[in-house]
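Undergrad:
Chains as they are written, first to last, in the numbering used here: chain A, 1 to 87; chain B, 88 to 602.
1. According to DSSP, which residues form a beta bridge with residue 365 of chain B?
2. Span of the alpha helix (DSSP H) holding residue 94 of chain B?
3. Enumerate in chain order the residues of its own chain whose CB-to-CB distance from residue 73 of chain B is below 7 Å, with the five nearest sequence positions on each side excluded.
4. Starting from the beta carbon of residue 515 of chain B, find every residue of chain A whose beta carbon is closer than 9 Å, and list them in chain order.
5. Taking 7 Å as the CB-CB cut-off, is residue 74 of chain A touching chain B?
6. Give a yes or no on contact between the segment 17-32 of chain A and the segment 61-81 of chain A, applying the rule of three or more CB pairs nearer than 8 Å.
7. Taking CB distances under 7 Å as the criterion, tell me whether residue 33 of chain A reaches chain D.
8. At a Cβ cut of 9 Å, what residues of the segment 128-156 of chain B count as close to chain A, listed as they run along the chain?
9. Any idea if residue 38 of chain A is buried or exposed, counting beta-carbon neighbours within 10 angstroms, 16 or more meaning buried?
10. Rounded to the nearest angstrom, how far is the Cβ of residue 363 of chain B from that of residue 405 of chain B, given a contact under 8 Å?
11. Output yes or no for whether 7 Å exceeds the beta carbon distance between residue 574 of chain B and residue 519 of chain B.
12. Excluding the 5 residues preceding and the 5 following residue 156 of chain B in the sequence, name in chain order all residues of the same chain whose CB lies nearer than 6 Å to its CB.
13. Quick check on residue 88 of chain B: does DSSP put it in helix, strand or coil?
14. Could you give the C-beta distance for residue 587 of chain B and residue 596 of chain B, rounded to a whole number, given that I count them as a contact under 8 Å?
15. Strictly under 7 Å for the Cβ-Cβ distance: is residue 481 of chain B near chain A by that measure?
16. Pull up the distance between the alpha-carbon of residue 206 of chain B and that of residue 227 of chain B, whole angstroms please.
17. Between which two residues does the beta strand (DSSP E) containing residue 413 of chain B stretch?
18. From the DSSP output, which residues share a beta bridge with residue 300 of chain B?
19. Which ranges would you report for the beta strand (DSSP E) in the segment 427-498 of chain B if only whole runs of at least 3 residues count?
20. Would you mind stating whether residue 177 of chain B and residue 151 of chain B have Cβ atoms separated by less than 7 Å?
21. Please report how far the alpha carbon of residue 277 of chain B lies from the alpha carbon of residue 231 of chain B, in whole angstroms.
22. Whose CA, out of B/482, B/440, B/376, lies closest to the CA of residue 191 of chain B?
23. Locate the alpha helix (DSSP H) running through residue 548 of chain B, then write down its first and last residues.
24. Could you tell me which chain B residues have their CB closer than 8 Å to the CB of residue 13 of chain A, listed as they occur along the chain?
25. Could you name the residues of chain B that residue 40 of chain A contacts, counting a contact when the two beta carbons are closer than 8 Å?
26. With distance defined between alpha-carbon atoms, name the residue in A/40, A/74, A/78 nearest to residue 61 of chain A.
27. According to DSSP, what are the bridge partners of residue 376 of chain B?
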């Protein structure tokens, strides 16, 4: 188990920052902050969930600070973050 | 008194249309002329009107439940409302309605006054930031009234908006209240909004940080309209007049939009010597000025006048001889402030002259072109400039609907995608300017012309300029960002009404369920 966190992305408009660290309760914890939660909350969570499922990730804490990224960017950033964590 | 004219004698005279009232020094007649004034102004001779702010407020007769007004010429740099509200609070006056020409982020402190019941009414052309959020959250008990600049002037003149006490920040004043916004350390330029308030309010208090010897040399608001003059340390910070909404950028998206705007203008028939224009303050419309200027010089075309909120770009036109006059209700930067102080062809006009639909001829009706920004537009060309796509109040209508209706060609410019939201939508969150008064919508995706303007479509077709439909724009945007979930409102709680320029209600803004 790593006791560090890794960060991918930026807090620029149209991008998002993904921070991954160990889960405190051995579950997948997803926490999304976004100006667009009202309009895109379900979609953002489902993208992150799908990526985690496809990579068999189920005990990490994934914090997302979204600045209005489109789905493809969200997916790419989360995949990149998980791969960075995995390596 | 034996020499007193008997009222019964006067009552016998029938062929004068108004009621004749006999002279009585104990009971002076008040004017029935104005809808607002029901008491006599200061009768007799008064050689100085200087008092402290507290005295002015006490003497004005301000009581709980009354309406006070302010102008927002200092925009984010305004300090006057705070000064006045502190004294009102200290005097334990409650239940005040504030009718400011607009609210900016300088007025977030009002949330606290609202929570404590000092302020219970808000009437404005715009509202942003914390105050906007607060109103949208439904915590504001009453309903805010949102009017255009022309609509506000109309409401004041008609008596729909009765101002008990007008507080007018002026960058210089003499002891009798002759004042302006162009002299002094806190010059803000035109006092276009304050002019209307001063004329119709029951009591008018001038607040200045620069007292000049009598008589003041530039009179924007005259002593004949002023009850008290208050001298304070600072009325506002002119450096904050330029806000983040007003900027010239070189962002690629805005350059593309600017290019489309200038294409529309130079290729329509109205673009000829003597054309008139209002250019707004959005990044793209400011960028469009450069292309427009090049075209004017190349074709040897000059404009007759520029209108509205004036920026340094129009000042440059005036100085370079590309326009003959600027009519200015509100200076948007320090270049404009300097110009209105020094150039006689840069003319200060009141908000009523600018845009009141019910006077005999507001200046907006002589506009050929207006370029406006927007938060959202919809497939029917309706425009929203007041609520964000999350339903929260965060904008200002300003002269939007006034100029849109008045101008011969109304161009609304906005990016197709802002943040993650498509700005072209099925139905705008709130309607401020009806689609019937919007002719062209320009985004970075292309130019869309209102189908009813066949003449514009033909002009552009003749020059081989491609147009697209709003539906195409929207579908393209959604293909990238995805379709958003609809905002949920609590329809039992209207938080604001949006008044169209004639006083009718064009939309209602409701409390958002999740803030």
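Just so it is clear, CB atoms sit at the ideal spot from N, CA and C, and this is done for glycine as well.
TA: On the basis of the coordinates in this document:
1. B/457
2. 94-98
3. Because chain B in this structure spans residues 88 to 602, residue 73 of chain B falls outside the shown range and cannot be described.
4. By Cβ distance, chain A contributes nothing, its closest Cβ being about 15 Å from residue 515 of chain B, past 9 Å.
5. no
6. yes
7. Here chain D cannot be found, since the structure's protein chains are A and B.
8. none
9. buried
10. Wrong, their Cβ atoms sit about 13 Å apart, outside the cutoff.
11. no
12. 186, 250, 253, 284
13. Its pLDDT being 42, under 50, residue 88 of chain B is placed unreliably in this model, and the value from its coordinates should be taken loosely. Here residue 88 of chain B sits in coil by DSSP.
14. The pair is not a contact, with the Cβ atoms about 14 Å apart (cut-off 8 Å).
15. no
16. 10 Å
17. 410-418
18. Residue 300 of chain B is not bridged to any residue.
19. 433-435, 456-460, 463-465
20. no
21. 26 Å
22. B/482
23. 541-549
24. 506
25. 507, 569, 571, 572
26. A/78
27. Note: residue 376 of chain B sits in no beta bridge, so no partner.
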